[in-house]
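Student:
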Amino acid sequence: MANTTQAIESLAAEIGENVYIDIAKWHLYLRDAHLHTIVAQQLYSMLEDGDLDTDKVERVLQGISVKLGGGKREVPLADLIPMQCQIQLMDVLEEFQGKM
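Numbering (the working numbering), first residue to last: 947 to 1046.
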C-alpha cells in the first residue's frame, strides 16, 4: 500500500508540474489548482493494468468537475485543459508507465 501511495504521489507531482488549465489565457498548473492528486488517483489504475488509452483518459478528465466562481458553475476538467496539455499528459503517463 505504501508503494502505491508513493507511486501515486510521484505521478501526481509529474502531472502537477507539466499539465495546466487555461483560463482567459492564464496557465494554472494542476498542482497550483490542487487537481493533480485527484487526476493521478483516477488514472493510476490504468497504468497498473497496462490499459492506457487516450479515450479513457479523456473520459476520466470529463468526470472530474472543477468548481468556478465559488461553486456557481462546474466545468469538466477536460474542457479546461488545452489540447497540447492533454498530449503532454499522455506523454507523462506513458513515460511513468514505462518506469513501472
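Note that beta-carbon positions come from the ideal geometry of N, C-alpha and C, so glycine has one too.
Could I get the ranges of all uninterrupted alpha helix (DSSP H) runs contained in the stretch 972-1021, with 4 residues as the minimum, in chain order?
Tutor: Here the runs fully enclosed are 982-995, 1000-1009.
Student: Measure the C-alpha to C-alpha separation of Met992 and Gln1034 and round it to an integer number of angstroms.
Tutor: About 17 Å.
Student: Going by alpha carbons, who is nearest to Lys1013 out of Ile967, Val1003, Met1029?
Tutor: Answer by Cα proximity: Ile967.
Student: Taking 8 Å as the threshold (C-beta atoms), are Ala986 and Ile961 in contact?
Tutor: Going by C-beta atoms, Ile961 is nearer than 8 Å to Ala986.
Student: So if DSSP puts Ile961 in a beta bridge, which residue, or which two residues, is it bridged to?
Tutor: Ile961 pairs with nothing; no bridge assigned.
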